[in-house]
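Visitor:
Residue numbers (the numbering used here): 1 to 165.
Here it is as structure tokens:
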């Protein structure tokens, strides 16, 4: 950073000036990314403290934290590439087409993910609730991305995994 500030009064070759400027830009963007990620994490931790000890809400906050940090770093990488002279319009168009292809390929997995987020955010049932599905009655033991685990309340104490959707 000192070399970048000092280069205004120094006479350096063009290539060295460009390397120093690009390095300073990448370092500044990395620092902004770290600060933004920490700010999101701090905000979500404050929300968790306000809400109390709710495991379902804590799981939702972890997902929100991950998505927010991915968005921050994606934007900063695109900004760095744009400032380094890379044409990002073609890259963004390719990512759009590739995103549609990936979404179609992962349609079932994404459906399960959104169903689990719906359960986590809407809370139609939580761990410990008793559910009746057809003739099966059981208590919710675990709510996962692909399955919800129920423990039977009958004498045989069997366990069953039910799909979320």
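The C-beta atom is built at its ideal place from N, Cα and C for all residues, glycine as well.
Just to confirm the assignment: which complete alpha helix (DSSP H) runs, minimum length 4, are found wholly within the region 76-126?
Guide: The region 76-126 contains these whole alpha helix (DSSP H) runs: 88-105 and 107-122.
Visitor: In terms of residue numbering, what span does the alpha helix (DSSP H) encompassing residue 166 cover?
Guide: The question about residue 166 has no answer here: the residues shown for the chain are numbered 1 through 165.
Visitor: Which class does residue 71 belong to by DSSP, given the choice of helix, strand or coil?
Guide: One-based indexing of the chain shown puts residue 71 at position 71. Helix, per DSSP.
Visitor: From which residue to which residue does the beta strand (DSSP E) around residue 141 run?
Guide: For this step, residue 141 is matched to residue 141 along the chain shown. That run of the beta strand (DSSP E) goes 136-143.
Visitor: So the candidates are 122, 46 and 85; which of them puts its Cα closest to the Cα of residue 19?
Guide: As a first step, residue 19 must be located in the chain shown, where it is residue number 19. The candidate whose alpha carbon is nearest that of residue 19 is 85.
Visitor: Give the straight-line distance between the Cα atoms of residue 71 and residue 116, rounded to the nearest whole angstrom.
Guide: Locating residue 71 in the chain shown gives position 71, where the first residue counts as 1. Locating residue 116 in the chain shown gives position 116, where the first residue counts as 1. Answer to the nearest angstrom: the Cα atoms are 21 Å apart.
Visitor: Since I believe residue 69 is in contact with residue 170 (beta carbons under 8 Å), could you give me their beta-carbon distance rounded to a whole number of angstroms?
Guide: Missing from the structure shown is residue 170; the chain here goes from 1 to 165 and no further.
Visitor: Which same chain residues end up closer than 6 Å to residue 130 when comparing Cβ atoms and leaving out the 5 residues on each side of it in sequence?
Guide: Stepping through the chain shown from its first residue, residue 130 is reached at position 130. The answer, listed in chain order, is 139.
Visitor: Using the beta-carbon count (16 or more within 10 Å), is residue 77 buried or exposed?
Guide: Counted from its first residue, the chain shown places residue 77 at position 77. By the 10 Å Cβ count, residue 77 comes out exposed.
Visitor: Look at the Cβ atom of residue 25, then the Cβ atom of residue 83, and state whether they are nearer than 7 Å.
Guide: Position 25 of the chain shown, counted from the start, is the residue given in the question as residue 25. Position 83 of the chain shown, counted from the start, is the residue given in the question as residue 83. Their beta carbons are under 7 Å apart, which means residue 25 touches residue 83 by this criterion.
Visitor: Does the distance from the CB of residue 29 to the CB of residue 90 come in under 7 Å?
Guide: Your numbering for residue 29 matches position 29 in the chain shown. Your numbering for residue 90 matches position 90 in the chain shown. Taking 7 Å as the Cβ cut-off, residue 29 and residue 90 do not qualify as a contacting pair.
Visitor: Taking all protein chains shown into account, do 16 or more other C-beta atoms lie within 10 angstroms of the C-beta of residue 39, making it buried, or fewer, making it exposed?
Guide: As a working note, residue 39 is residue 39 in the chain shown. Residue 39 comes out exposed.
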